[in-house]
Ligand code: SF4
């Protein structure tokens, strides 16, 4: 589907879609979660996420860590995936060729699907524009990563496929991963001097700080793991980082 395709959805706040999901978070998602909860990004990472800030936390009972009864406790700052639901978005390279797909409704969901509007109306009502804009800004960092990795990696010593295989494994590990200041800075915007109100200026500052850190980093393995993490967190495949997608 594209933005003009017929689509509508009315959420009846049953909370069923807030269970048993794997929801990937972008740096902007974490910033908005923090602002909605009135806490720092570091606290938001600890309270609402797993895998260094990149995945929304669900409890042992299957409920999202932000769910309060049947209501979202961070509704104002809910992540992009929650705003889009029951749509998903797929991107072409560097944000070109976005495509929307409908997701399977949660079992027993009271949401009502229809075709009384267009995808675009739904996106507007859900306030997704800032999220997509922030993710596009993050996507621009992929070129900075590629340039720095090309300069720092010694592909005479390490076979490129093995190099990227390790980077993907490191980025997607749920535990036992190495410290990576770039990944920390990606999700903990406040820690790199971006404490603010979560508006476009804050995002621009965060992206600029990350670009500076990438250009200063000389460890190719750290750069590659962070590049994969960023690609996945904004909805791309790991191949976006490796240049093989
Ligand atoms: S962040 Fe809110 S809307 Fe998203 S899954 Fe959690 S409770 Fe549901």
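Numbering (our numbering), first residue to last: -4 to 240.
C-beta: ideal position from N, C-alpha, C; glycine also.
Proximal residues to residue i (C-beta, below 7 Å), its chain only, five neighbours per side dropped
i: residue 62; result: 10, 13, 68
i: residue 169; result: 45, 46
i: residue 8; result: 65, 66
i: residue 57; result: 14, 15
i: residue 136; result: 202, 205, 206, 209, 225
i: residue 104; result: 9, 11, 12
i: residue 241; result: Outside the shown range of the chain (-4 to 240) lies residue 241, about which nothing can therefore be said.
i: residue 54; result: 60
CB-CB length for residue i against residue j, believed under 8 Å
i: residue 22; j: residue 228; result: 7 Å
i: residue 2; j: residue 112; result: 7 Å
i: residue 39; j: residue 17; result: About 18 Å separates the two Cβ atoms, so there is no contact after all.
Residue i CB to nearest heavy atom of ligand 1 below 7 Å
i: residue 51; result: yes
i: residue 39; result: no
i: residue 18; result: yes
i: residue 62; result: yes
i: residue 6; result: no
i: residue 47; result: no
i: residue 59; result: yes
i: residue 13; result: yes
i: residue 73; result: yes
i: residue 69; result: yes
i: residue 77; result: yes
CB contact flag (residue i, residue j, <8 Å)
i: residue 134; j: residue 224; result: no
i: residue 263; j: residue 115; result: An answer regarding residue 263 cannot be provided, because it is not within the stretch -4 to 240 covered by the chain.
i: residue 19; j: residue 76; result: yes
i: residue 210; j: residue 139; result: yes
i: residue 97; j: residue 82; result: yes
i: residue 187; j: residue 161; result: no
i: residue 132; j: residue 202; result: yes
i: residue 120; j: residue 72; result: no
i: residue 218; j: residue 143; result: yes
i: residue 42; j: residue 50; result: no
i: residue 189; j: residue 200; result: yes
i: residue 180; j: residue 208; result: yes
i: residue 145; j: residue 175; result: no
Residues of its chain near residue i, where Cβ-Cβ distance is below 6 Å and the 5 sequence neighbours each way are ignored
i: residue 107; result: 5
i: residue 110; result: 1
i: residue 246; result: Nothing about residue 246 can be reported from this structure: the residues present for the chain run from -4 to 240 only.
i: residue 85; result: 94
i: residue 125; result: none
i: residue -2; result: 114, 115
i: residue -4; result: 95, 114
i: residue 101; result: 11, 12
i: residue 159; result: 237
Residues near residue i in its chain [Cβ-Cβ closer than 8 Å; skip 5 each side]
i: residue 213; result: 147
i: residue 151; result: none
Could you tell me which uninterrupted alpha helix (DSSP H) segments, each at least 4 residues in length, are contained entirely in the stretch 26 to 65, listed from first to last along the chain? 36 to 43
Can you list, in chain order, the stretches of the alpha helix (DSSP H) that have 4 or more residues and sit fully within the stretch 126 to 171? 136 to 147, 155 to 167
Suppose only complete runs of 3+ residues qualify. What are the beta strand (DSSP E) ranges in the stretch 66 to 112, listed by chain order? 82 to 85, 94 to 97
Secondary structure, alpha helix (DSSP H): runs of 4+ residues fully inside the stretch 204 to 234: 215 to 228
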